[in-house]
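Numbering (full-length UniProt numbering), first residue to last: 1 to 297.
The structure under discussion appears below in the form of structure tokens.
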Amino acid sequence: MGLVTLDLAYSRLLGELGNMSVVKRTDTCAQSTATEEAVDGRTRDRIIELLLQRGALTASEVAGELGLTTTGIRRHLDVLESEGLVAEQSVESGRRGRPARRYGLTDTGREHFPHTYDDLALSALRQLAAIGGRESVRVFADSQVAGLESRCRTAMDGAGTDPMARAEALARALSSEGYAASAETLASGGQLCQRHCPVAHVAAEFPELCAAETEVIGRLVGSHVQRLATIARGDGVCTTHVPNAMTSSTSLANTSKRHSPIALSTSSRSSSPSHTTITARTKITHPDRMRRIEPKK
Numbered sequence: 001m002g003l004v005t006l007d008l009a010y011s012r013l014l015g016e017l018g019n020m021s022v023v024k025r026t027d028t029c030a031q032s033t034a035t036e037e038a039v040d041g042r043t044r045d046r047i048i049e050l051l052l053q054r055g056a057l058t059a060s061e062v063a064g065e066l067g068l069t070t071t072g073i074r075r076h077l078d079v080l081e082s083e084g085l086v087a088e089q090s091v092e093s094g095r096r097g098r099p100a101r102r103y104g105l106t107d108t109g110r111e112h113f114p115h116t117y118d119d120l121a122l123s124a125l126r127q128l129a130a131i132g133g134r135e136s137v138r139v140f141a142d143s144q145v146a147g148l149e150s151r152c153r154t155a156m157d158g159a160g161t162d163p164m165a166r167a168e169a170l171a172r173a174l175s176s177e178g179y180a181a182s183a184e185t186l187a188s189g190g191q192l193c194q195r196h197c198p199v200a201h202v203a204a205e206f207p208e209l210c211a212a213e214t215e216v217i218g219r220l221v222g223s224h225v226q227r228l229a230t231i232a233r234g235d236g237v238c239t240t241h242v243p244n245a246m247t248s249s250t251s252l253a254n255t256s257k258r259h260s261p262i263a264l265s266t267s268s269r270s271s272s273p274s275h276t277t278i279t280a281r282t283k284i285t286h287p288d289r290m291r292r293i294e295p296k297k
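See the structure below:
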């Protein structure tokens with residue numbers, strides 16, 4: 001009986017040890033799964049941030065930037081696409097075959113990043129417009145970007161006078177403000193690209209905010225600029241054309257010529273209305289359209 005009891009006790013002990021081993025392995029598996037999910041989450045956050053900064057990219061481009069495998073990145077992109085955070089964009093590559101598959105952020109994906117304004121700001125601006133009209137909204141927009149202009153101007157100190165050099169310095173300054181900006185040089189000048197807009201939701205209804213920001217960009221780069229696209233209008237990137245130094249100088253010269261009157265004959269000048277302006281270009285290109293105004297008798 002003593003041996004039987006001892007065997008039973010030993011068997012029971014082995015069973016309990018086995019159960020403990022199973023529990024331990026189960027806990028280890030749970031911890032491993034939680035760790036993998038945390039790592040996956042951080043990787044997807046990095047992908048979202050990269051797409052915000054760089055715009056639409058292919059899976060291989062994302063993999064190269066993050067130092068991961070293309071296969072792994074495709075798996076993460078599939079998950080992000082299923083969650084509505086990224087969307088596939090077909091871009092012509094200029095080569096034969098299927099176009100490159102690029103992935104860009106959706107509006108939902110951009111929501112992962114902080115927005116300065118919300119529904120409260122929209123309500124406030126609607127009330128302001130109702131009381132003071134759209135002009136009051138414009139004044140408010142100018143006051144809002146004044147601080148941004150001051151900070152960027154300080155950050156751009158020493159950038160020189162070349163519009164593109166200043167655009168590159170401005171891009172760095174705007175990125176520090178959360179705009180995820182970059183500057184790209186083109187044959188006709190360049191482009192300032194902003195891949196995040198803190199006021200996109202409000203600017204969609206009140207474009208005065210975009211207009212005020214565009215004026216700030218022009219003053220900071222020292223040139224007349226043109227807004228080509230905005231996130232507020234549904235574009236993927238806020239894009240501003242910045243002319244190069246030569247184009248900018250020519251534009252200013254032409255503007256000066258257009259507003260510089262030339263002298264006519266004494267009789268014409270004495271009888272012509274004071275608001276009449278004839279440019280040099282008009283005199284040379286259309287001499288037949290100029291008529292002599294005889295003095296009144």
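Just so you know, even glycine gets a beta-carbon here, dropped at the ideal spot from N, CA and C.
Values in this document were obtained by computation on a predicted structure and should not be read as measured data.
Do residue i and residue j have their C-beta atoms closer together than 9 Å?
i      : j      : result
Ala169 : Ser182 : no
Pro243 : Ser176 : no
Gly236 : Arg195 : yes
Leu120 : Leu51  : no
Ala232 : Cys197 : yes
Arg101 : Ala59  : yes
Ile48  : Gly109 : yes
Could you give the distance in angstroms between the alpha-carbon of residue i and the alpha-carbon of residue j?
i      : j      : result
Gln127 : Val199 : 18 Å
Ala245 : Pro163 : 6 Å
Leu228 : Gly190 : 12 Å
His112 : Val145 : 23 Å
Arg166 : Gly84  : 37 Å
Ala130 : Ser143 : 19 Å
Val86  : Asp78  : 9 Å
Gly133 : Ser150 : 27 Å
Ala211 : Gly178 : 19 Å
Thr70  : Glu135 : 52 Å
Glu88  : Pro99  : 12 Å
His241 : Ile73  : 33 Å
Ser82  : Glu184 : 32 Å
Thr230 : Leu186 : 19 Å
Arg46  : Gly234 : 24 Å
Below 8 Å on the Cβ atoms is my guess for residue i versus residue j; work out the distance and round it to an integer in Å.
i      : j      : result
Arg44  : Leu80  : 6 Å
Tyr103 : Leu57  : 6 Å
Leu125 : Val137 : 6 Å
Val202 : Leu122 : 6 Å
Val225 : Thr239 : Actually they are not in contact, since the Cβ atoms of Val225 and Thr239 sit about 11 Å apart, beyond 8 Å.
Ala173 : Cys152 : 4 Å
Asp107 : His76  : No, Asp107 and His76 are not in contact; Cβ-Cβ is about 20 Å, not under 8 Å.
Across which residues does DSSP place residue i in a beta bridge pair?
i           : result
residue 299 : Any property of residue 299 remains undetermined from this structure, which presents the chain solely from 1 to 297.
Leu77       : Leu77 pairs with nothing; no bridge assigned.
Gly160      : None, per the DSSP bridge assignment.
Val86       : Leu105
Ser182      : Cys193
Leu57       : Tyr103
Gln226      : His241
Three or more C-beta pairs below 8 Å linking the stretch 202 to 215 and the stretch 57 to 75 | no
If you pair each beta-carbon of the stretch 216 to 223 with each one of the stretch 150 to 164, do three or more pairs fall below 8 Å?
-> yes
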